[in-house]
Amino acid sequence: MLIPDYYQFLIHPKIISGKCSLENIPSELNGYDAQKPLVITGKNIMERGLVKKFIKAFYDSTVTLGGIFDEVRDYAGISLARDAAFLYKERGCDSIIALGNGTVVDLAKAVNVLVSEKIDNLSAYHEGASISRQLKPLIIVPACRSNGMEATNVMTIDNRRITADFLYPDVIVIDPRMTPGCCPECVAESGVIALTHAFAALTDEAHNPMTAAVAHPALSYLSEYLPKGVTRPKNKDASIALANASVLAASAYSNTRPGMADLLAEELSIITGISVGKYMRILLPSLIADMQKKKIKISDELFLSLVGMEAYAATPVQERPQKGLDAAMKLINSLKGLLPKSLEQLKIQKYKLAEVARVAAERSAERFTDADCRTVLEQAWEGSAV
Amino acid sequence: MNINKYPEIQPGKKLIKRIYVAVFMWFFARAIQAAAKVDEEVKKEVETIPANFTLRLIVNPEKAFPLFFYAKMLPRFIVDKGILLYGLQMIMGKDKKGKFRYQGSDPRGKKINLSMAFTSLEAAMMVFTFRESLCTGYAHSRFVVEGDLPFAQSIMRIMDLTAVFLLPKIVAKLVVKRYPKWSEMSPLRKYLNRVLVYLRMFTV
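Note that the protein sequences, when read in sequence, are chains A and B. So the first sequence is numbered by the working numbering: it starts at 520 and just counts up by one. So the second sequence is numbered by the working numbering: it starts at 5 and just counts up by one.
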């Protein structure tokens, strides 16, 4: 095994996963000397009745819920964050719980910055200032569709990203009562995002033993449970495994450089407002096909994590990296017709691709060229690799 | 912004589960007291525990589960003997004479050497409804142990043996780490002690 010349690794959230995990929240809050959390959630979570189950978990505890702010939809903006921060201050809350995924978590992180730093906008952080102090305790309870950024040190507010190590959540609680997906598309999207993140963590040239150790179980869970979760979104085992995979992949991803599929999907999502998961499902096969064509050298851990020890041991050493790419392609193609297969299907104009490729290449810090990105995008536009 | 749209929520209470846990703890504590008198193996384990040792099994948060209202009306010695149900705590101790006794649910005035605290009522329910054994519960962080840890092992063994005497095999298998074979515990000893434990539970 190669020893890396240099690496850094930070994984902050405490993960509590399994039966009756929600009931641990009061004792976790107690550990942070907090008694009155503000709950931030989405309309869809409220409509699915998950909030009632969530409140029941606080029965027989000394915790009072300062309020349930359920105004979050598909977009996290500063005005909504200000409203939630106002509620937080008026009620005298001392911690935040985000019940949901994606925009809910982004909004909770933004509220946390507003109330901890005692400010009313985030413009200073958009201009490059850093968050320099410990924020209030933030607990995340994943439910439904994930955008893969919940367990990371990133928040996206008004389509602009802020990164700081203090943005890591303190606790992530994965409970089978909360995780079952609402539809196969939602499960497929969350799974694809986790797969893309874990893939980026393992195929990056600069990956280290720690990112590999975290990405490995994420890929193993995905390989075993993604097809099952897509066919049966309410299955508790599959949903718990996929939620764990999502958190682990995000933890690995926040310690690695973003891959080409991640960068391109993010840029496309910002331009069009369509979710990142749909783009990743289209871009990842194109990227894999491109890597196979160019015979790029990657770690054989990808193959090991996707197919298991027996198949890994039965394959000659020199074939393992390529077979790993084949296995990843097979896994992503097992989603069948759940998500769009080409950018053309999403009605993306072809002339926009050049700009997307240029921005992604700039953000990659010269790891990918403009031409590399454009090749992948054009292949994705046609959907020829899927 | 109208903050009244988002009311403050004071979570309620699960009364039936509270009563179940209280009753279970009371029965279990009295059964351990009886087993310590009746069974040789339990006696040996109790002998390893020092005098004036006090064990407390509670459900956290302690403030959420005060003593039942009638405990305040009764004389102190009745509460300390644990004759009636008083709350969601189980205090057991070894006195100077070496007797391992149930000391009720009131921790006031007692020096606790070992505290085993369930993180929540639901965690206690998981263990007391036999969905998880004591060992699995500990591995899943359902309860936290504070104090003299070596004695916690003895207490766990005592609890396992008591569960074997109290419960039929099909249920006890779910509770204990390993159900004793015939070579380790003869059926005669098991059934005889079961009768004696049940008799002592309600009479002494």
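In this text, a Cβ means the ideal position worked out from N, Cα and C, and glycines have one as well.
| Query | Result |
| --- | --- |
| A:S511, buried or exposed, once every other Cβ within 10 Å from all chains shown has been counted against 16 | There is simply no residue 511 of chain A to check, as chain A begins at 520 and stops at 905 in what is shown. |
| First and last residue of the uninterrupted beta strand (DSSP E) at A:P556 | 556-561 |
| B:S124: contacting residues in chain A (beta-carbon distance under 8 Å) | C539, E542, N543, P545, S546, D579, S580 |
| Neighbourhood of A:A847 by C-beta, 8 Å cutoff - its chain only, sequence neighbours within 5 removed | L714, F718, L803, I807, L821, L825 |
| Of the listed residues A:D723, A:I759, A:N754, A:M729, nearest to A:Y740 (C-alpha basis) | A:I759 |
| Residues that DSSP places opposite A:V660 in a beta bridge | A:L618 |
| Neighbourhood of A:P703 by C-beta distance below 6 Å, restricted to the same chain and skipping five residues each side | V749, P752, L857 |
| Assigned secondary structure, A:A832 (DSSP; H/G/I helix, E/B strand, else coil) | helix |
| Close-in-space but distant-in-sequence residues of the same chain around A:L686 (CB under 6 Å, 5 per side omitted) | K628, N672, M674 |
| Contact set between B:A68 and chain A, taken where Cβ atoms lie within less than 7 Å | D579, S580, T581 |
| Member of A:A899, A:I801, A:L865, A:K869 whose CA lies at the smallest distance from the CA of A:K855 | A:I801 |
| DSSP state of A:A884 mapped onto helix, strand, coil | coil |
| C-alpha gap between A:Y578 and A:A725, whole angstroms | 47 Å |
| B:G151 - partner residues in DSSP beta bridges | B:L118 |
| Boundaries (first-last residue) of the alpha helix (DSSP H) holding A:Q898 | 889-901 |
| Residues of the segment 730-756 of chain A whose Cβ lies closer than 7 Å to any Cβ of chain B, in chain order | none |
| Interface positions of the segment 583-600 of chain A facing chain B (Cβ-Cβ less than 7 Å), listed along the chain | T583, L584, G585, G586, I587, F588 |
| Nearest-angstrom Cα separation, counted from B:K115 out to B:D43 | 27 Å |
| B:M5 at chain A interface by Cβ criterion, 7 Å | yes |
| Per-residue DSSP class, three states only, for A:I801 | helix |
| 6 Å Cβ shell around A:Q527 - same chain, five flanking residues per side excluded | none |
| Distance between B:A156 and B:R104 (C-alpha atoms, nearest Å) | Correcting the residue identity first, residue 104 of chain B is Phe in this sequence and not Arg. Distance between the alpha carbons of B:F104 and B:A156: 15 Å. |
| Beta-carbon proximity check, A:I587 vs A:A662, cutoff 7 Å | no |
| Status (buried if at least 16 other CB within 10 Å, exposed otherwise) for A:G792 | exposed |
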